[in-house]
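Step one of this worksheet: look at the structure below.
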Ligand SMILES: [Mg+2]
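Residue numbers (the numbering used here): 1 to 410.
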């Protein structure tokens, strides 16, 4: 390709990424995606978390690690993080969609054209209500951000013309089946330096209020965040919200399933607590519709939920434009996705503790140098791309420990 044509292609990709202020991209030679390798595995876990129970979940946190290699040898890493008990995507579907549908349309493409990669994935699997297979494709989106950042020598913050910021305080997840489990669990969090707590609530508001009161009593001045994961019905949620507010809860996330539009509107109108959405917010398009419909006061962000960093940063910008709250959350993200989430939230100046509970529940990582988590604070990796280096030997060992080829047997 002649220089003029290359610069035109690079400029288009840079504009798609909002990189017009970063002329360095012009110095990077044209590269294309040569190989995409997939590593399905499960991270070992500790503690009780309701989404990781049962015959599949109890085996650990499922992930498909994605390694994208460009034809100049540069590598980008990402990971798709399905949780069968949280959404409809599973380890098996994520792996097969990546292998049979997404990888074939991405090979040969310019890895820095992330918007184009999403369009190519849309052409392979049509959207349903929103973007198709969002958890699965987040693995590709993260790997492309990592690869493009490594090609350009830019961190995520630099990608978006921002400062990296941080460290970010983390929130400790309190998910209990009995009230007497709360005290030792909060004590464990405090011992590890955590000052902020998020509680899992629903379906029983009486139990939920009791949990909130105990946590508030033990934690003192804190930011207390309740997440119902869509587990109330509309009438129960309208009773629960003021009672949780009385018990010291600061925000109520996902009180209802996202298709309960009038229920969300009634809760927002009630005004007992700020109402956040999580499940069901996949692309900026439906988020804008939900905002126009008056369904929420804010959103719990998660790049792993909504197709990756590009979609999620646009959702943050939408919240800021409309004066809504945005909080940083996650899908019990391990190492790679945790680095991506921290990079995003810190670059956009997250004000509240992040409910990124990978460090609480996961007991292994695949990085050459683990992320720095100390006293309940997460430090922001600031190297190129996602800022972390993946140890492929550790990836392969974790895959072997997870069951290797037998992992995907049906
Ligand atoms: Mg949630």
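Glycine included, C-beta positions come from ideal geometry on N, C-alpha and C.
Quantities reported herein were computed from a predicted structural model and do not represent experimental measurements.
Residue interval of the beta strand (DSSP E) (run including residue i)
| i | result |
| --- | --- |
| residue 173 | 171–174 |
| residue 225 | 224–227 |
| residue 285 | It is not in any beta strand (DSSP E) - residue 285 instead sits in the alpha helix (DSSP H) that spans 284–292. |
| residue 253 | 251–253 |
| residue 196 | 196–200 |
| residue 61 | 61–70 |
| residue 412 | Given that the chain is displayed from residue 1 to residue 410, the structure contains no residue 412 and the question cannot be resolved. |
| residue 217 | Unbroken run through residue 217 is the alpha helix (DSSP H), 205–219; no beta strand (DSSP E). |
| residue 97 | Premise fails: residue 97 lies in the alpha helix (DSSP H), 91–97, not in any beta strand (DSSP E). |
| residue 301 | 298–301 |
Sub-8 Å separation of residue i and residue j beta-carbons
| i | j | result |
| --- | --- | --- |
| residue 386 | residue 146 | yes |
| residue 62 | residue 91 | yes |
| residue 302 | residue 263 | no |
| residue 58 | residue 108 | no |
| residue 68 | residue 148 | no |
| residue 139 | residue 360 | no |
| residue 339 | residue 356 | no |
| residue 60 | residue 44 | yes |
| residue 76 | residue 150 | yes |
| residue 389 | residue 369 | yes |
| residue 165 | residue 347 | yes |
| residue 212 | residue 226 | yes |
| residue 324 | residue 298 | yes |
| residue 310 | residue 141 | yes |
| residue 427 | residue 252 | Residue 427 lies beyond the range of the chain shown here (1 to 410); nothing can be said about it. |
| residue 261 | residue 78 | no |
| residue 350 | residue 168 | yes |
| residue 42 | residue 160 | no |
| residue 35 | residue 110 | no |
Residues near residue i in its chain [Cβ-Cβ closer than 6 Å; skip 5 each side]
| i | result |
| --- | --- |
| residue 291 | 322 |
| residue 395 | 39, 65, 366 |
| residue 193 | 375, 376 |
| residue 401 | none |
| residue 327 | 300, 352 |
| residue 279 | 230, 254, 258 |
| residue 105 | 120, 124 |
| residue 415 | The chain is shown only over 1 to 410; residue 415 falls outside these bounds and no answer can be derived. |
| residue 332 | 61, 357, 358, 361 |
Sequence-distant residues of the same chain with beta carbon closer than 7 Å to residue i, five excluded per side
| i | result |
| --- | --- |
| residue 186 | 174, 197, 215, 218, 219 |
| residue 101 | 124, 125 |
| residue 372 | 379 |
| residue 188 | none |
| residue 238 | 266, 267, 270 |
| residue 223 | 196, 250, 352, 353 |
| residue 293 | 261, 265 |
| residue 117 | 106, 109, 140, 144 |
| residue 232 | 202, 203, 240, 255, 256 |
| residue 234 | 256, 260, 263, 266 |
Close beta carbons around residue i, own chain, < 8 Å, minus the five adjacent residues each side
| i | result |
| --- | --- |
| residue 50 | 85, 175, 200 |
| residue 136 | 64, 80, 82, 89, 93, 94, 97, 98, 102 |
| residue 182 | 174, 176, 211, 214, 215, 218 |
| residue 52 | 45, 58, 60, 61, 83, 85, 332, 361 |
| residue 276 | 251, 252, 253, 254, 296, 297, 298, 299, 300, 325, 327 |
Residue i - containing alpha helix (DSSP H), residue span
| i | result |
| --- | --- |
| residue 276 | Run containing residue 276: none in the alpha helix (DSSP H); it sits in the beta strand (DSSP E), 275–277. |
| residue 186 | 182–191 |
| residue 105 | 103–106 |
| residue 411 | There is no way to answer for residue 411, as the model of the chain reaches only from 1 to 410. |
Distance cut-off 7 Å: residue i Cβ against heavy atoms of ligand 3
| i | result |
| --- | --- |
| residue 227 | You won't find ligand 3 in this model; what it holds is ligand 1. |
To test your reading of the DSSP string, which unbroken beta strand (DSSP E) runs of 3 or more residues are found completely within the segment 26–55? 33–43
Quick check on the DSSP output: what are the complete alpha helix (DSSP H) runs of length 4 or more inside the segment 316–397, in order along the chain? 335–347, 358–361
In the segment 108–133, which residue ranges form an unbroken alpha helix (DSSP H) of at least 4 residues, counting only runs that do not cross its ends? DSSP assignment within the segment 108–133 yields the following whole alpha helix (DSSP H) runs of 4 residues or more, N-terminal first: 114–124.
Would the segment 113–124 count as touching the segment 282–289 if we require 3 or more Cβ pairs under 8 Å? Verdict: no, contact absent.
Closer than 8 Å is the cut-off here; do at least three beta carbon pairs connect the segment 155–168 with the segment 127–134? no
The segment 175–182 touching the segment 335–350, judged by at least three CB pairs closer than 8 Å: The segment 175–182 vs the segment 335–350: no contact.
Assess contact between the segment 304–313 and the segment 199–212, defined as three or more Cβ pairs (one per stretch) separated by less than 8 Å. Is contact present? no
Please specify which runs of the alpha helix (DSSP H), each continuous and at least 4 residues long, are wholly inside the segment 230–267, giving them in chain order. 234–246
Are the segment 268–277 and the segment 241–249 touching, with three or more C-beta to C-beta distances below 8 Å? yes
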